[in-house]
Amino acid sequence: QVQLVESGGGLVQAGGSLRLSCAASGRTFSSYVMGWFRQAPGKEREFVASITWSGGNALYADSVKGRFTISRDNAKNTVYLQMNSLEPEDTAVYYCEARAVVTATAEWGQGTQITVST
12 QVQLVESGGG LVQAGGSLRL SCAASGRTFS SYVMGWFRQA PGKEREFVAS ITWSGGNALY
72 ADSVKGRFTI SRDNAKNTVY LQMNSLEPED TAVYYCEARA VVTATAEWGQ GTQITVST
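When we follow our numbering, the leftmost residue of the sequence shown carries the number 12, and every step to the right adds one.
See the structure below:
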């Protein structure tokens with residue numbers, strides 16, 4: 012099992028930037044594909060981005076392509092989400108996900124709120 016703690020959320024004006032961090036502890040960080048999801052009020056949780064252990068394969072939702080960048084530092088057991096050109100539609104609770112490579116089971120952090128004002 013891996014434990015995940017997100018940080019870096021907050022309030023930002025449209026057009027601004029934020030960087031989220033997700034620190035993992037427990038099992039070997041390299042055994043997991045790491046991802047970010049978000050859930051806006053009244054909506055289902057949706058995929059934002061994911062990254063493999065090597066960092067060589069990153070995937071993004073169409074809505075964030077070109078604005079968000081996911082990265083990971085395996086030495087620090089941390090995954091990041093750099094968010095630029097934020098829009099009010101990006102307002103949501105952002106969750107870090109660790110998906111085990113072998114079993115595909117997923118574990119989640121507690122979430123961090125991002126609010127983008129106009």
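Beta carbons: idealized from backbone N, C-alpha and C, even for Gly. None of these values were measured; they are calculated from a predicted model.
- Around Y71, the same chain offers A60 and F79 as residues with beta carbons nearer than 7 Å, after the five sequence neighbours per side are excluded.
- Between F48 and the set V113, Q121, S96 and N85, the nearest pair of CA atoms involves Q121.
- Taking the Cα positions, E108 is about 23 Å away from S96.
- The beta carbon of V90 lies closer than 6 Å to those of C33, M45 and R83 in the same chain, with the five residues before and after it left out.
- Secondary-structure assignment with DSSP links G66 through no beta bridge to anything.
- F79 is bridged by DSSP to M94.
- At the C-beta level, V23 and T126 come within 9 Å of one another.
- Exclusion of the five residues before and after G27 leaves L97 as the residues of its chain whose Cβ lies within less than 6 Å of its Cβ.
- Contact annotation: S36 and W64 have beta-carbon atoms that are not nearer than 9 Å.
- Note on geometry: alpha-carbon atoms of E57 and Q50 lie some 6 Å from one another.
- Under the criterion of beta carbons closer than 8 Å, R38 and V13 qualify as touching, at roughly 5 Å.
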